[in-house]
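Asker: Under numbering that gives the first Met the number 0, the first residue of the sequence shown is numbered 0, with each subsequent residue one higher.
Dumping the structure here so I can ask a few things about it.
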Amino acid sequence: MKIALLSRNKNLYSTRRLVEAAENRGHRIQVIDVLRCYMNIASHKPTIHYRGEELSDFDAVIPRIGASVTYYGTSVLRQFEMGGVYPLNESVAITRSRDKLRSLQLLSRKGIGMPVTGFANKPDDIKDLIKMVGGAPLVIKLLQGTQGIGVVLAETQKAAESVIEGFMGVGADILVQEYIKEAGGADIRCFVIGGKVVASMKRQAQPGEFRSNLHRGGSASLIRITPEERSTAVRAAKIMGLNVAGVDLLRSNHGPVVMEVNSSPGLQGIEEATGKDVAGAIIAFIESNRKLGRTATKGKG
Ligand code: ADP
Ligand code: MG
């Protein structure tokens, strides 16, 4: 196969591993910086140009689109889809997953467990919003945040009120969530490929911190997940329409709750914690599922 890997940095662990895995399995793979792609959408034949040349004859495309380039990145991916190239994850599914609120609404509609969550833009009654999600302590999140930035734990009613007022003052969309204290600063990352959890790890926040993100100093270790956690992760990925997803769960008193579903989950933490060849599993999935021109939406989304 000839595979396009949309990634802005050749040196990132995930990028390097995917290149290595594809080449080891006998494929050709080209790393492409989406921001440098330019496209022709005026003619019948959608084309993509890169460094003065047309990109053509790709069998599959692996999107690794950073949160800050979601808009342009998904439009380049859509262009590949319109040209009939098989996407590992489809552009519509990525767009969906990048909006925390939209994701939670979709998951809740299908009965997936999640922390009690409220969202607001300019509520007249902040006290009622806080009461609605069960009062302090609670977690307040910026809708577009990532890597733990913009996630705040408000331990008291007063702190919650002032943080909410502060975010509102700058016009940010926020989400207000029940704090799952019993998770003890740990969450579980389930790496799902094609409807199976292929690897899972526990991430533990450093002492004094409740956010377990590795970017915030959390540490990863191997964990055995329960059948309920496994099926929750698989269902969440399916509802989002993602072939490959990192589903983050918290262990709550009322069973596993989904915090978020990531459409470009990193490979370093999970491969190092589990010793598994996750990159190889991704390429193997493409080998057995790729069908030319057979994306669900053909770039229509
Ligand atoms: P981001 O997209 O920035 O990673 P998350 O929603 O994943 O935002 O939150 C970051 C971290 O904060 C999580 O990995 C988890 O450890 C912690 N956290 C988030 N929400 C809750 C919650 N409702 N209860 C307990 N811990 C939480
Ligand atoms: Mg997270």
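Beta carbons: idealized from backbone N, C-alpha and C, even for Gly.
What did DSSP end up calling residue 171 once you bin it into helix, strand or coil?
Answerer: Residue 171: coil per DSSP, three-state reduction.
Asker: Could you pull the start and end residues of the alpha helix (DSSP H) that residue 81 belongs to?
Answerer: Where residue 81 is concerned, the enclosing alpha helix (DSSP H) stretches over 69 to 81.
Asker: Would the beta-carbon of residue 63 fall within 8 Å of that of residue 107?
Answerer: Cβ distance not < 8 Å, so residue 63 and residue 107 don't count as in contact.
Asker: What do you get for residue 14, buried or exposed, if any count of 16 or more other CB atoms within 10 angstroms of its CB means buried?
Answerer: So residue 14 ends up on the buried side.
Asker: Hey, is residue 2 close to the ligand ADP, as in C-beta under 7 Å from one of its heavy atoms?
Answerer: Residue 2 Cβ: outside cutoff for every heavy atom of the ligand ADP.
Asker: How would the residue list near the ligand MG read, in chain order, if you kept each one whose beta-carbon is closer than 6 Å to any heavy atom?
Answerer: That query returns the following residues: 212, 247, 259.
Asker: Please state whether DSSP places residue 127 in a helix, a strand or coil.
Answerer: Three-state DSSP puts residue 127 in a helix.
Asker: Residue 146: beta carbon under 7 Å from a heavy atom of the ligand ADP?
Answerer: Under cutoff, so the answer is yes.
Asker: Rounded to the nearest angstrom, what separates residue 219 and residue 225 at their Cα positions?
Answerer: Using only the alpha carbons, I get a separation of about 18 Å.
Asker: With a cut-off of 8 Å, do at least 3 Cβ pairs link the segment 75 to 86 to the segment 103 to 120?
Answerer: No: the two stretches stay apart, fewer than three of their Cβ pairs being nearer than 8 Å.
Asker: Specify, as a first and last residue, the run of the alpha helix (DSSP H) that residue 182 falls within.
Answerer: No alpha helix (DSSP H) contains residue 182, which DSSP labels as neither H nor E.
Asker: So what does DSSP say about residue 0, is it helix, strand or coil?
Answerer: In this structure, residue 0 counts as coil in the three-state DSSP scheme.
Asker: Return yes when the Cβ of residue 246 is within less than 8 Å of the Cβ of residue 191, no when it is not.
Answerer: A contact, by the Cβ cut-off of 8 Å.
Asker: Applying the 10 Å Cβ sphere with the 16-neighbour rule, what's the burial state of residue 155?
Answerer: That one is exposed.
Asker: Just to confirm the assignment: which complete beta strand (DSSP E) runs, minimum length 3, are found wholly within the segment 79 to 122?
Answerer: Counting only runs of 3 or more, we get 116 to 119.
Asker: From which residue to which residue does the beta strand (DSSP E) around residue 37 run?
Answerer: From DSSP, the beta strand (DSSP E) with residue 37 extends over 36 to 39.
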